[in-house]
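So the sequence shown is residues 189 to 524, counted in our numbering.
Heads up, the thing below is written out as structure tokens.
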Amino acid sequence: MVLHGIKKDSMKDEESQKALQKKAKLYKELLATVLGYKKEHNYRDGPLKHCAALLEINPDVSTAWNYRRMALEARLESATGEERIGLVMNEFTLTEKALQKNPKSYCAWHHRKWLVLRGLSSPDTELYLCEKMLDFDERNFHCWEYRRFLAARMGVSDQDELSFTTKKIEQNFSNYSAWHQRTLLLKRMQEATIATAESDSSPHTGVHNVALSSEKLDQEYDLVHQAFFTEPEDQSGWFYYLWLFGNTLHKSHLENGYTGKRVEEEIQICREMLQLEPSSKWVLLALARLLVTRGAADLTSQAEMYSIYEKLMQIDPMRKLYYMEVKDKHIAFSSI
Numbered sequence: 189m190v191l192h193g194i195k196k197d198s199m200k201d202e203e204s205q206k207a208l209q210k211k212a213k214l215y216k217e218l219l220a221t222v223l224g225y226k227k228e229h230n231y232r233d234g235p236l237k238h239c240a241a242l243l244e245i246n247p248d249v250s251t252a253w254n255y256r257r258m259a260l261e262a263r264l265e266s267a268t269g270e271e272r273i274g275l276v277m278n279e280f281t282l283t284e285k286a287l288q289k290n291p292k293s294y295c296a297w298h299h300r301k302w303l304v305l306r307g308l309s310s311p312d313t314e315l316y317l318c319e320k321m322l323d324f325d326e327r328n329f330h331c332w333e334y335r336r337f338l339a340a341r342m343g344v345s346d347q348d349e350l351s352f353t354t355k356k357i358e359q360n361f362s363n364y365s366a367w368h369q370r371t372l373l374l375k376r377m378q379e380a381t382i383a384t385a386e387s388d389s390s391p392h393t394g395v396h397n398v399a400l401s402s403e404k405l406d407q408e409y410d411l412v413h414q415a416f417f418t419e420p421e422d423q424s425g426w427f428y429y430l431w432l433f434g435n436t437l438h439k440s441h442l443e444n445g446y447t448g449k450r451v452e453e454e455i456q457i458c459r460e461m462l463q464l465e466p467s468s469k470w471v472l473l474a475l476a477r478l479l480v481t482r483g484a485a486d487l488t489s490q491a492e493m494y495s496i497y498e499k500l501m502q503i504d505p506m507r508k509l510y511y512m513e514v515k516d517k518h519i520a521f522s523s524i
């Protein structure tokens, strides 16, 4: 559309440019003003409002957040009950606005954590808000890290947190952050099992064989099977799957027969999937890893594993050097 010889799109572009220039000018002025207030140690309401306006434009000005923390500590020393509540609420309101502007702002998340560490907020309330935010932005690793901080501070059990990750994963199998959280929890649960065994055993017994129970591992395999059968090309579940059998099958499982049985079951599952998707990179990679886990003494498994890596080099040429290196490493290991 043309208006008096000027395209409407051009007018919009010009208006946007002017608005952007105006905002940049305001930001520059606010930044200079706030830095001046900080230098003067001016912690009154007016300066803090200017600081809030600056952070609403750009939540990642770390100096401005530092200034607010200095101001809050100074003012809380002499604040009355109502004034104290008002000061704290202003900070939480500001962090909420900042996180709406940029949900991955390191500075805003750090400021919120600082408020909790100073006892200025209820961790229960924060945990609830954190859960709500993960409903909105389920993969926000800052929010997951904040949840880990809150759970540790509140003494939330690893089992309860594991149940939370199960809920998030079942909502969306592509939630990589939830799978990652699960690896951290299982590793810690395994370490706790070892620590308990150490305290219950004699110094000569040794506890290097302690691992997660076979029942627990069955649950984990059932969950990840659901993920890659539902979304076979999604990498989140496959990353967890590779981590699972690479980090949780220990000598104790081998001794009671669990490892051998589990590996054979997983190999069979991968073979069945390959019948449906013969060129699936993730299934092939998992099968190759499982064949290695089966043992270097099995010459048939070795030959199949080498063949799989050759195929992976063809269907995934971007990672050809990686597959070549892994294959050569296994060849060297098996020849020892």
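Beta carbons: idealized from backbone N, C-alpha and C, even for Gly.
Review point. Is DSSP giving Gly343 helix, strand or coil here?
Key: In the three-state scheme derived from DSSP, where H, G and I count as helix and E and B as strand, Gly343 is classed as coil.
Review point. If we count the other Cβ atoms within 10 Å of its Cβ and call it buried at 16 or more, is Glu349 buried or exposed?
Key: That one is buried.
Review point. Which ranges does the alpha helix (DSSP H) cover as unbroken runs of at least 4 residues, wholly within the region 195–280, from first to last along the chain?
Key: Runs of alpha helix (DSSP H) with 4 or more residues, each lying fully within the region 195–280, are found at 196–228, 233–245 and 250–264, listed in chain order.
Practice item. Tell me whether Asn435 sits in a helix, a strand or coil according to DSSP, three-state version. Key: Three-state DSSP puts Asn435 in a helix.
Review point. Do you know how far the Cα of Glu203 is from the Cα of Thr371?
Key: In a straight line, the C-alpha of Thr371 is about 50 angstroms away from that of Glu203.
Practice item. Check the C-beta distance from Thr354 over to Leu405 and give it rounded, since I have them as a contact under 8 angstroms. Key: No, Thr354 and Leu405 are not in contact; Cβ-Cβ is about 15 angstroms, not under 8 angstroms.
Review point. Which same chain residues, not among the five before or five after His299, have their C-beta less than 6 angstroms away from its C-beta?
Key: In the same chain as His299, and ignoring 5 residues on each side of it, the C-beta atoms closer than 6 angstroms to its own belong to Trp253 and Thr283, in chain order.
Review point. Given a threshold of 16 other Cβ atoms within 10 Å of its Cβ, counted over all protein chains shown, does Ile496 qualify as buried or as exposed?
Key: Of the residues assessed, Ile496 falls on the buried side of the cut-off, its CB having 16 or more other CB atoms within 10 angstroms.
**Study point:** Beta-carbon proximity check, Tyr409 vs Arg459, cutoff 9 angstroms
**Key:** Going by beta carbons, Tyr409 and Arg459 fall outside the 9 angstroms limit.
**Study point:** Inter-residue spacing [alpha-carbon to alpha-carbon] between Leu305 and Ala267
**Key:** Rounded to whole angstroms, Leu305 to Ala267 spans 19 angstroms at the Cα level.
Check your understanding: What residue ranges within the region 301–373 form continuous beta strand (DSSP E) runs of no fewer than 3 residues, ordered along the chain?
Key -> Restricting attention to beta strand (DSSP E) runs no shorter than 3 residues, the region 301–373 encloses none.
Point to revise | Same chain only: Cβ atoms within 8 angstroms of Ile357, ignoring 5 sequence neighbours per side | key: Asn363, Ala366, Trp367, Arg370, Leu411 and Ala415, listed in sequence order.
Check your understanding: Is Asp201 buried or exposed, if buried means 16 or more other CB atoms sit within 10 Å of its CB?
Key -> Note on Asp201: under 16 other CB atoms within 10 angstroms of its CB, so exposed under the neighbour-count rule.
Point to revise | N- and C-terminal bounds of the alpha helix (DSSP H) containing Gly448 | key: Tyr446 to Leu464 is the extent of the alpha helix (DSSP H) around Gly448.
Check your understanding: Using the C-alpha atoms, what's the distance from Leu260 back to Leu275?
Key -> A straight-line Cα-Cα distance of about 7 angstroms links Leu275 and Leu260.
Review point. Skipping 5 residues on each side, what residues in its chain have a beta carbon closer than 7 angstroms to that of Thr418?
Key: The residues are Phe361.
Review point. Do the region 245–252 and the region 279–295 touch if we need at least three Cβ pairs shorter than 8 angstroms?
Key: Contact between the region 245–252 and the region 279–295 is present, because at least three Cβ pairs lie under 8 angstroms.
Exercise for review: Counting only the same chain and skipping the five closest in sequence on each side, list residues whose C-beta sits under 6 angstroms from that of His330.
Suggested key: Answer for His330: Lys292 and Trp297, listed in chain order.
Review point. What's the call for Pro505, buried or exposed, on a 16-neighbour Cβ count within 10 Å?
Key: Pro505 is exposed by the Cβ-count criterion.
**Study point:** Endpoints, the alpha helix (DSSP H) within which Ser489 is located
**Key:** Note, Ser489: alpha helix (DSSP H), Leu487 to Ile503.
Point to revise | Segment limits, alpha helix (DSSP H) that includes Glu408 | key: Run containing Glu408: Ser402 to Thr418, per the alpha helix (DSSP H) assignment.
Review point. What residue range is occupied by the uninterrupted alpha helix (DSSP H) comprising Arg141?
Key: With the chain running from 189 to 524 in the structure shown, residue 141 is simply not present.
Exercise for review: Measuring alpha carbon to alpha carbon, tell me which of Ala240, Ser468 and Thr251 ends up nearest Leu223.
Suggested key: Checking every option, the nearest Cα to that of Leu223 belongs to Thr251.
Point to revise | Nearest neighbour of Glu421, chosen from Thr384, Lys469, Met277 and Trp302 [CA to CA] | key: Residue Lys469 is the option with its Cα nearest to Glu421.
Practice item. Using three-state DSSP, classify Glu284 as helix, strand or coil. Key: In the structure shown, Glu284 sits in a helix (DSSP, three-state: H, G or I).
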